[in-house]
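Trainee: Under our numbering, the first residue of the sequence shown is numbered 371, with each subsequent residue one higher. Have a look at this one before I ask anything.
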Amino acid sequence: MGERKYVQLMYIVGGMILAYVLVMSTDWVWGYFQKPPELYVNGIGIGVAAIATYLVWRHRPTQQSASETVAELRKVTWPTRKETSQATVVVIITVIIAAIFLQIFDAIWSRVTGYILG
Numbered sequence: 371m372g373e374r375k376y377v378q379l380m381y382i383v384g385g386m387i388l389a390y391v392l393v394m395s396t397d398w399v400w401g402y403f404q405k406p407p408e409l410y411v412n413g414i415g416i417g418v419a420a421i422a423t424y425l426v427w428r429h430r431p432t433q434q435s436a437s438e439t440v441a442e443l444r445k446v447t448w449p450t451r452k453e454t455s456q457a458t459v460v461v462i463i464t465v466i467i468a469a470i471f472l473q474i475f476d477a478i479w480s481r482v483t484g485y486i487l488g
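Below you can see the structure in the form of structure tokens.
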């Protein structure tokens, strides 16, 4: 029962995001023709999202895939705070080195093209 609640939460959040996107899209498309009634726009967006969410929720392979995903995520060992901070420092140093390298390359290339074109 533990992983089912996460799967159900995923469907609820996905349905809410879909409803928001559909309401905004319906308002945007309908707005090209005339000012749409807000009740109709919300009804269409929420209704289509509810139907789509229900159909995906009832689809057995999707349920199984979502449950397997949650089960696999439970097996993940997340890095400690120290490991995360060390990896962040490595990324920042690498980005700085790459920026310096690109700046040098850009300066050289600028001079070469200046001599060729100027």
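Beta carbons: idealized from backbone N, C-alpha and C, even for Gly.
Where do the N-terminal and C-terminal ends of the alpha helix (DSSP H) with Q434 fall, by residue?
Mentor: Taken as a continuous stretch (DSSP letters only), the alpha helix (DSSP H) holding Q434 covers R430 to R444.
Trainee: How is the alpha helix (DSSP H) around T450 delimited, first residue to last?
Mentor: Taken as a continuous stretch (DSSP letters only), T450 belongs to no alpha helix (DSSP H), as it is neither H nor E.
Trainee: May I have the straight-line CA-CA distance separating Q456 from I463, to the nearest angstrom?
Mentor: Each residue's alpha carbon lies about 11 Å from the other.
Trainee: Pull up the distance between the alpha-carbon of E408 and that of T423, whole angstroms please.
Mentor: Their Cα atoms are separated by approximately 22 Å.
Trainee: Per DSSP, what kind of secondary structure is Y402 in: helix, strand or coil?
Mentor: Y402 falls in the coil class under three-state DSSP.
Trainee: From V426 to T432, what distance separates their C-alpha atoms?
Mentor: Using only the alpha carbons, I get a separation of about 7 Å.
Trainee: Mark T396 as exposed unless 16 or more other C-beta atoms lie within 10 angstroms of its C-beta, in which case mark it buried.
Mentor: That one is buried.
Trainee: Assuming T419 and L388 form a contact by the criterion Cβ under 8 Å, report the distance between their Cβ atoms to the nearest whole angstrom.
Mentor: Per the sequence shown, residue 419 should be read as Ala rather than Thr. That belief holds up - the Cβ atoms of A419 and L388 are roughly 4 Å apart, short of 8 Å.
Trainee: Which term fits V399, buried or exposed, when burial requires 16 or more other beta carbons within 10 angstroms of its beta carbon?
Mentor: Exposed, since its Cβ has fewer than 16 Cβ neighbours within 10 Å.
Trainee: Compute the distance between the beta-carbons of V393 and N412, then report whether it is under 8 Å.
Mentor: Going by C-beta atoms, V393 is nearer than 8 Å to N412.
Trainee: Would you kindly work out how many angstroms separate the C-alpha atoms of M472 and S480, rounded to a whole number?
Mentor: The question names Met, but residue 472 is Leu in the sequence shown. If I take the Cα positions, the gap works out to 12 Å.
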